[in-house]
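J.:
Protein chains in written order, with the working numbering: chain A, 126 to 483; chain B, 126 to 483.
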């Protein structure tokens, strides 16, 4: 299932940092027989990554083709700069989530033309080499951020690496990247936090009224605070710029509530237009779909039977979510299918004894 | 799978309004052989609901035990008040999403002691009698909001009706209800809108970096604006009170970004604590779980095979989400299982040829 990259990736690739990302890069490249060398400040991490099959320990005689600095943001500038000096023919990239500050720092260094920044949009709630997986990047965006002096060959090397690990390379400059992640990741994180923070004010059985909408909007607010202090601080200017626009809209909503339905409607419509811009399945615009709800008993095998019956009805499942109901041992499956086939799926499932409805 | 209610529900039940909610109430009660009468301003809606099996057309000789005013918010006060007068022995409830204003209006009417408000936390993107379903309320919260003068027998009647349609009754007074839904529904809706509205500022390929976090936080922003203008306007004071607290936190974040990590961390931690308060599966506090990721080819039958292989491994699926990857014909299933069994599921699936990881 791993994508075939359009160009071979010459090795050796040196991965500096055997955490989740570095180990996963190593594992994914080893699956293509790329020679991968591993370095970490902590020898136990190298041993664990080697044991997983992510590559072999680095030795001084090796001249890397590409260096992947898979180190935390605070260490990235120094590691990239020293790699550019130590291996004067190597291309170098990194994996940090905010790019413009690092790019400015590297632009002032010798060898900057061999550097192109990178940011894989993938992660896990786990960390360290044992959490690494060759599949971590499969189908995920990998931002590649060339600087003004970056050589085409350096950009190609990083794009090819992203393709080899199964990712979808998205090329944009560092400043654009940071504005983009402020919009699609950092500000949504803050908004989720602000929504969830208010739940501390809830009294008695108020939260028993919570539904899927609340769970969806607050899921990412459960993330690690230390990580987000770091990310938000590093991209402070871009995040603040977006949040100030949010504050403007928030003030408009507060003023309009119960007073000015037109103004309130303008903000709501702006939100509707915004959601329609998010790329859907296969990178295309979201398709109109039918949604079928099916009750599923909380027992092993029930979901399997549902999927089997759905498959036999000839309907392809576009998306599927399973949510357990409040207070009872039954789940509700939300099956998304192509527009127009929802009714026939309901009919097929009902005839097989399922409780299904649209 | 429908719950057995603890007490029989005497009929007849008169449902006024044959839209999605009214028709679904009728269908669910008919499944328990409760006598259901139907009224609607539009005769075609009555005919459609009767055709669906939601009940029989109302006739003047019937004296209802319970009247369910399943009409839009703007009509609810008048319909409830006239029902209380017309049938001086009947209990009366409604299904509107904001309760205090209606309660104040009814408190001033004769028969207020026979009224207890209701609010089913269920819906669909569809509307009208043809969208009705006997399963719409299964396992969903149904807020029941007695007034100060409500008779115990009236409260019991509405609670029993909620139980008969498969819902989980949550009893609280109207003012508490409105504060609760401001927190768990109306403010999250506004926050989702404010997040999504900013996406209109995105340039070029910026939104190609969107991930699951953005999709989760903005999903409900795609809802119907007219509906939300109505809901937010009716609960304006409670929503405004919460949004002003949100603005306070937003100002703190804007000030703290890149300046004061302690202050930023305080807000982020407050959000983390808030998410932990949301009831999880079966109404309990959220359990710690393992999450397993599995690649699923975009072909009919693949999900069925995955569920079958998972079932044969003896692991019960707590929750399941399927997301399609950007730019390629493969989906990523997120399988939530009990804490500690993730690794063995990965092993079982890998041995059956799946690409699985945690």
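Ideal Cβ positions, reconstructed from N, Cα and C, are used throughout, including at glycine.
Classify residue 451 of chain B as buried or exposed, calling it buried when 16 or more other Cβ atoms lie within 10 Å of its own Cβ.
T.: Translated into the one-based positions of the second chain, residue 451 of chain B becomes position 326. Residue confidence is low: residue 451 of chain B scores 48 on pLDDT, short of 50, so the model does not pin down where it sits. Its coordinate-derived value is still stated next. Flag for residue 451 of chain B reads buried.
J.: Going along the segment 258-273 of chain A in order, which residues come within less than 9 Å of chain B, judged by CB to CB distance?
T.: Residues 258, 259, 260, 261, 263, 264, 265, 266, 268.
J.: Which residues in the same chain have their Cβ closer than 6 Å to the Cβ of residue 408 of chain A, if we skip the five residues on either side of it in sequence?
T.: Your numbering for residue 408 of chain A matches position 283 in the first chain. With a pLDDT of 41 at residue 408 of chain A, under the threshold of 50, the predicted position of this residue should be treated as unreliable, though the coordinate-derived value follows. Same-chain partners within the cutoff: there are none.
J.: Quick one: Cα of residue 434 of chain B to Cα of residue 468 of chain A, how far?
T.: Within the second chain, the letter at position 309 stands for residue 434 of chain B. Within the first chain, the letter at position 343 stands for residue 468 of chain A. Distance between the alpha carbons of residue 434 of chain B and residue 468 of chain A is about 29 Å.
J.: Is the beta carbon of residue 378 of chain B less than 7 Å from the beta carbon of residue 392 of chain B?
T.: Here residue 378 of chain B is taken as the residue at index 253 of the second chain, counted from 1. Here residue 392 of chain B is taken as the residue at index 267 of the second chain, counted from 1. In this structure, residue 392 of chain B lies closer than 7 Å to residue 378 of chain B by Cβ.
J.: Quick check: residue 210 of chain B and residue 219 of chain B, are their CB atoms within less than 7 Å of each other?
T.: Your numbering for residue 210 of chain B matches position 85 in the second chain. Your numbering for residue 219 of chain B matches position 94 in the second chain. Going by C-beta atoms, residue 210 of chain B is not nearer than 7 Å to residue 219 of chain B.
J.: Which same chain residues, not among the five before or five after residue 195 of chain A, have their C-beta less than 7 Å away from its C-beta?
T.: Taking the first residue of the first chain as position 1, residue 195 of chain A is located at position 70. Correct list, in chain order: 140, 141, 142, 144, 146, 147, 150, 220.
J.: Which value, in whole angstroms, describes the spacing of the CA atoms of residue 480 of chain A and residue 471 of chain A?
T.: Here the question's residue 480 of chain A lines up with position 355 in the first chain. Here the question's residue 471 of chain A lines up with position 346 in the first chain. Cα-Cα distance, rounded: 9 Å.
J.: For chain B, is any of its Cβ atoms less than 7 Å away from the one on residue 305 of chain A?
T.: Against the first chain, residue 305 of chain A aligns to sequence position 180. True, the Cβ-Cβ gap to chain B drops below 7 Å.
J.: I want to see whether chain B comes within less than 7 Å of residue 368 of chain A, judged by CB atoms only; does it?
T.: Taking the first chain and counting its residues from 1, the one referred to as residue 368 of chain A is at position 243. Yes, because at least one Cβ of chain B sits closer than 7 Å to the Cβ of residue 368 of chain A.
J.: Taking three-plus beta-carbon pairs below 8 Å as touching, is the segment 314-325 of chain A in contact with the segment 285-304 of chain B?
T.: Cβ pair count under 8 Å is below three, so no.
J.: Pick from A:319, A:356, A:135, A:266: whose alpha carbon is nearest that of residue 293 of chain A?
T.: To locate residue 293 of chain A, count along the first chain from 1; it is residue 168. It is A:266.
J.: Hey, residue 241 of chain B and residue 271 of chain B: beta-carbon distance below 7 Å or not?
T.: The residue given as residue 241 of chain B occupies position 116 in the second chain. The residue given as residue 271 of chain B occupies position 146 in the second chain. For residue 241 of chain B and residue 271 of chain B, yes; Cβs fall inside 7 Å.
J.: So what does DSSP say about residue 242 of chain B, is it helix, strand or coil?
T.: For the purposes of this step, residue 242 of chain B is identified with residue 117 of the second chain, where counting begins at 1. Note: residue 242 of chain B maps to strand in three-state DSSP.
J.: Closest Cβ-Cβ distance between residue 344 of chain B and chain A: below 7 Å?
T.: By one-based count along the second chain, residue 344 of chain B stands at place 219. Chain A, which has a Cβ nearer than 7 Å to the Cβ of residue 344 of chain B, makes this yes.
J.: Below 7 Å between beta carbons: does that hold for residue 321 of chain B and residue 399 of chain A?
T.: Position 196 of the second chain, counting from 1, holds the residue named residue 321 of chain B. Position 274 of the first chain, counting from 1, holds the residue named residue 399 of chain A. Result yes, Cβ atoms of residue 321 of chain B and residue 399 of chain A sit closer than 7 Å.
J.: Can you say whether residue 373 of chain B is buried or exposed, counting buried as having 16 or more other CB atoms within 10 angstroms of its CB?
T.: The residue you call residue 373 of chain B lines up with position 248 of the second chain. Under this definition residue 373 of chain B is an exposed residue.
J.: Does DSSP put residue 234 of chain A in a helix, in a strand, or in coil?
T.: The residue given as residue 234 of chain A occupies position 109 in the first chain. Looking at residue 234 of chain A - three-state DSSP - the assignment turns out to be coil, as it is neither helix nor strand.
J.: What residues of chain B sit near residue 390 of chain A, judged by a beta carbon separation below 8 Å?
T.: If you number the first chain from 1, residue 390 of chain A lands on position 265. Here the neighbours are 350, 351, 354.
J.: Let me know if residue 437 of chain B comes out buried or exposed under the rule of 16 or more other beta-carbons within 10 Å of its beta-carbon.
T.: Within the second chain, numbered from 1, the residue matching residue 437 of chain B stands at position 312. By the neighbour-count rule (16 or more Cβ atoms within 10 Å), residue 437 of chain B is not buried but exposed.
J.: Give a yes or no on whether 7 Å exceeds the smallest Cβ distance from residue 444 of chain B to chain A.
T.: Locating residue 444 of chain B in the second chain gives position 319, counting from the first residue. Yes, contact with chain A.
J.: Give the residues of chain C in contact with residue 313 of chain B, contact being defined as C-beta atoms less than 8 Å apart.
T.: This model lacks chain C altogether, as its protein chains are A and B.
J.: When DSSP labels each residue in this structure, what does residue 440 of chain A get in the three-state scheme?
T.: As a working mapping, residue 440 of chain A is identified with position 315 in the first chain. Coil at residue 440 of chain A, not helix or strand.
J.: What would DSSP say about residue 267 of chain B, mapped onto helix, strand or coil?
T.: As a first step, residue 267 of chain B is located in the second chain; it is residue number 142 there, counting from the start. Strand, per DSSP.
J.: Check the Cβ-Cβ distances between residue 373 of chain B and every residue of chain A, and say whether any is below 7 Å.
T.: As a working mapping, residue 373 of chain B is identified with position 248 in the second chain. Output row for residue 373 of chain B: interface = no.
J.: Who are the neighbours of residue 234 of chain B on chain A, taking C-beta pairs under 7 Å?
T.: Translated into the one-based positions of the second chain, residue 234 of chain B becomes position 109. Per Cβ cutoff of 7 Å: no residues; residue 234 of chain B is ~24 Å from chain A at best.
J.: Helix, strand or coil, according to DSSP, for residue 155 of chain A in the structure here?
T.: Here residue 155 of chain A refers to the residue found at position 30 when the first chain is read from its first residue. Helix, per DSSP.
J.: Mapping DSSP to helix, strand and coil, what is residue 162 of chain A?
T.: Counting from 1 along the first chain, the entry for residue 162 of chain A is found at position 37. In this structure, residue 162 of chain A counts as strand in the three-state DSSP scheme.
J.: For residue 193 of chain A, which three-state DSSP category applies?
T.: In the first chain, residue 193 of chain A corresponds to position 68, counting from 1. Residue 193 of chain A falls in the strand class under three-state DSSP.
J.: Could you check what DSSP says for residue 102 of chain B in three-state terms: helix, strand or coil?
T.: Coverage of chain B is limited to positions 126 through 483, which leaves residue 102 of chain B absent and any answer about it impossible.
J.: For the beta strand (DSSP E) holding residue 342 of chain B, just list the boundary residues, first then last.
T.: Taking the second chain and counting its residues from 1, one reaches residue 342 of chain B at position 217. Not the beta strand (DSSP E): residue 342 of chain B falls in the alpha helix (DSSP H), residues 337-343.
J.: Comparing C-alpha positions only, which one of A:422, A:419, A:444 sits nearest to residue 424 of chain B?
T.: Numbered from 1 along the second chain, position 299 holds the residue referred to as residue 424 of chain B. Residue 424 of chain B has its Cα closest to that of A:444, out of A:422, A:419, A:444.
J.: Return the Cβ separation of residue 355 of chain B and residue 198 of chain B in integer angstroms, given the expectation that the two are a contact with Cβ distance under 8 Å.
T.: Position 230 of the second chain, counted from the first residue, corresponds to residue 355 of chain B. Position 73 of the second chain, counted from the first residue, corresponds to residue 198 of chain B. Contact flag correct, Cβ pair sits at about 6 Å.
J.: Using the beta-carbon of each residue, which ones in chain B are nearer than 9 Å to residue 317 of chain A?
T.: Along the first chain, one-based indexing puts residue 317 of chain A at 192. The contacting residues are 316, 320, 338, 341, 342, 396, 400.
J.: Go ahead and pull the three-state DSSP assignment for residue 173 of chain B.
T.: In the second chain, the residue the question calls residue 173 of chain B occupies position 48. Three-state result, residue 173 of chain B: helix.
J.: In the structure shown, what three-state DSSP assignment does residue 367 of chain A receive?
T.: Along the first chain, read from residue 1 onward, the residue named residue 367 of chain A stands at position 242. Three-state result, residue 367 of chain A: helix.
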